[in-house]
């Protein structure tokens with residue numbers, strides 16, 4: 034009976050040592066897991082912070098893009114107005130140019146008419162001079178005839 038009690042006591046001690054070893058391993062595993070979880074939590078917090086910063090940056094970029102978009106739309110409206118004004122100005126200038134061409138054609142027609150009129154006036158002036166010379170000759174002849182008639186009596 035003594036041997037069996039010693040053997041059972043030894044078995045109990047061995048069992049306790051094994052249990053203690055298992056408990057120690059469990060504690061180490063728990064500590065490792067806990068440290069790992071702390072590292073994971075720390076990394077998660079860092080990533081959340083980075084994600085939050087990037088979200089803020091993206092929001093800021095979105096606002097800048099929206100602002101630039103609004104500016105570009107305003108500029109586009111201004112450009113459209115300027116193009117319309119240019120088209121209208123172009124139409125007005127085209128109309129003015131066509132009227133100028135009409136006036137130039139009339140001027141050319143008037144110049145031709147003036148040249149013809151001047152040519153006719155020059156011709157008429159020559160004829161009038163010729164008639165004056167003839168009238169002067171007739172006056173002279175008439176005067177001579179009158180003088181001879183008066184002298185003849």
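Residue numbers (the numbering used here): 34 to 186.
A virtual CB, placed ideally from N, CA and C, is assigned to each residue, including glycine.
If you're wondering where the values come from, they're calculated on a predicted model, not measured in any experiment.
Check	Outcome
To the nearest angstrom, how far is the alpha carbon of residue 146 from that of residue 129?	25 Å
Using only the alpha-carbon positions, how far apart do residue 183 and residue 175 sit?	12 Å
I'd like the list of long-range same chain contacts for residue 50, defined as Cβ closer than 6 Å, with 5 residues on each side in sequence excluded.	none
Rounded to whole angstroms, what's the CA-CA distance from residue 46 to residue 59? Just pull it up for me.	19 Å
Using the Cα positions of residue 13 and residue 78, report the straight-line distance between them to the nearest angstrom.	Since the first and last residues shown for the chain are 34 and 186, residue 13 lies out of range.
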